[in-house]
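Reading through the structure tokens given below for one structure.
In full-length UniProt numbering, the protein residues as written are 1 to 99.
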């Protein structure tokens, strides 16, 4: 809509979470047209653990983080970038989940 709201902030926060999760930028200029937008590329697979493993940053899989905590992080990111703003969690809820 072009308007800045609390819910658009939540969406932007979700994009940052996706960047952390995947190790990729939100927009990749050097990719093909369908691969440029990180949200569109990964939103549909964030709640599927088998597919999630394919998109997470390799550094995360080598870290001490469990797949359970990575999946919970991905689930939060997925909810933050939902197309309908009313379906997104609040920032307060998001922060509580991360703690």
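Yeah, the Cβ is synthetic: ideal placement off N, Cα and C, and Gly gets one too. Bear in mind the structure is a predicted one, so any value in this text is a computation, not a measurement.
Minimum C-alpha distance to residue i - residue among the options
i	options	result
residue 37	49, 15, 50 and 71	15
residue 13	59, 86, 79 and 50	79
residue 46	9, 3 and 76	76
residue 103	27, 44 and 92	No statement about residue 103 is possible, as the shown extent of the chain runs from 1 to 99 and does not include it.
Helix, strand or coil at residue i [DSSP, three-state]
i	result
residue 37	strand
residue 27	strand
residue 88	coil
Euclidean distance between Cα positions of residue i and residue j
i	j	result
residue 88	residue 62	30 Å
residue 59	residue 6	31 Å
residue 9	residue 39	15 Å
residue 19	residue 72	15 Å
residue 65	residue 83	29 Å
Residue i, buried or exposed, once every other Cβ within 10 Å from all chains shown has been counted against 16
i	result
residue 81	buried
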